[in-house]
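*Asks:* In the numbering used here, the protein residues as written are 36 to 151.
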């Protein structure tokens with residue numbers, strides 16, 4: 036299953052229309068429609084915005100794993116940041132492959148440019 040197919044499946048499960056997703060994300064309805072009709076996937080710059088709107092983790096959108104019901108908050112965000120979180124992030128980053136490092140840096144860049 037492609038990313039866009041998974042996105043539309045999740046939208047259907049949540050009762051979210053293309054128009055509503057557009058309003059929630061700021062992505063044009065034409066772009067969302069093109070993903071369906073042309074069977075293309077959202078760009079990396081749109082993944083985090085879509086995940087936030089649909090309240091799913093990037094892993095869920097990209098792989099289909101980690102599907103859980105949410106209660107109004109994103110499942111991949113811990114509401115309490117632990118004291119050693121920064122150290123844990125750095126240690127984990129050091130063990131990642133180059134591909135995973137680039138992916139994480141891209142997510143961080145998108146988060147920095149996302150409105151809260």
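We treat Cβ as the ideally placed atom computed from N, Cα and C, and that holds for glycine.
Beta carbon of residue 91, beta carbon of residue 60: below 8 angstroms?
*Replies:* Sequence index remark: in the chain shown, residue 91 carries index 56 (1-based). Sequence index remark: in the chain shown, residue 60 carries index 25 (1-based). Not closer than 8 angstroms, so no.
*Asks:* Return the chain-ordered list of same chain residues with a C-beta closer than 7 angstroms to the C-beta of residue 97, the five sequence neighbours on each side being excluded.
*Replies:* Along the chain shown, one-based indexing puts residue 97 at 62. For residue 97, where only same-chain residues beyond five positions count, the Cβ hits under 7 angstroms are 38.
*Asks:* What's the C-alpha gap between residue 152 and residue 94?
*Replies:* Residue coverage of the chain in this structure runs from 36 to 151, which leaves residue 152 outside it and unanswerable.
*Asks:* Kindly list the residues whose CB is nearer than 8 angstroms to the CB of residue 54, restricted to its own chain and excluding five residues on each side of it in sequence; keep chain order.
*Replies:* Start at 1 with the first residue of the chain shown, and residue 54 comes out as number 19. Closer than 8 angstroms at Cβ, skipping near neighbours: 64.
*Asks:* Just checking my contact of residue 83 with residue 142 at CB under 8 angstroms: how many whole Å lie between their CB atoms?
*Replies:* Translated into positions along the chain shown, residue 83 becomes position 48. Translated into positions along the chain shown, residue 142 becomes position 107. Correct: roughly 6 angstroms between the Cβ atoms.
*Asks:* Hey, could you find the ends of the alpha helix (DSSP H) residue 48 is sitting in?
*Replies:* Translated into the one-based positions of the chain shown, residue 48 becomes position 13. Its alpha helix (DSSP H) spans residues 38-49.
*Asks:* Taking only the alpha-carbon atoms, compute the straight-line gap between residue 119 and residue 80 and give it to the nearest angstrom.
*Replies:* On the chain shown, position 84 is the one that residue 119 refers to. On the chain shown, position 45 is the one that residue 80 refers to. Rounded to the nearest angstrom, the two C-alpha atoms are 29 angstroms apart.
*Asks:* Check whether the Cβ of residue 62 lies closer than 8 angstroms to any Cβ atom in chain C.
*Replies:* Structure shown: chain C not included; a single protein chain is present.
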